[in-house]
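**Q** Residue numbers for the sequence shown follow full-length UniProt numbering, beginning at 1 and rising by one. Here a beta-carbon is modelled for each residue, glycine too, at the ideal position from N, C-alpha and C. Quick one: this structure, given as C-alpha cells, is what I'll be asking you about.
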Amino acid sequence: NKKHKCIESLRKCQDQSERSRQRSATAAEEESNSRRRKLTDAIDKCADSENFHRKQQQHQSL
C-alpha cells in the first residue's frame, strides 16, 4: 500500500511537471509570436514610409 501511494504521488508530480512544461512552452510560443508580430509591424511601417517617400518624390517630379 505504501508503494502504491508512492507511485501515485510520483505520478502526480510527473503530471504537474508535464503541465508546467506545456505552460512554459505555450508562453514561449506566445512571446515569439508577439515578437514576430512586432517585427512584422516594424517592416510594414518601414515599407509604408518607403512608399510615402516614393510618392512624394513622384509628386515633386511631376
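1. Roughly how many whole angstroms lie between the Cα atoms of Q60 and S49?
2. Please report how far the alpha carbon of R35 lies from the alpha carbon of R23, in whole angstroms.
3. Look up N1 in the DSSP assignment and say whether it is helix, strand or coil.
4. From E29 to R19, what distance separates their C-alpha atoms?
5. Could you confirm whether any beta carbon from chain B is found closer than 8 Å to the beta carbon of F52?
**A** If we stick to the structure as given:
1. 16 Å
2. 18 Å
3. coil
4. 15 Å
5. The chain inventory of the structure shown lacks chain B, comprising one protein chain alone.
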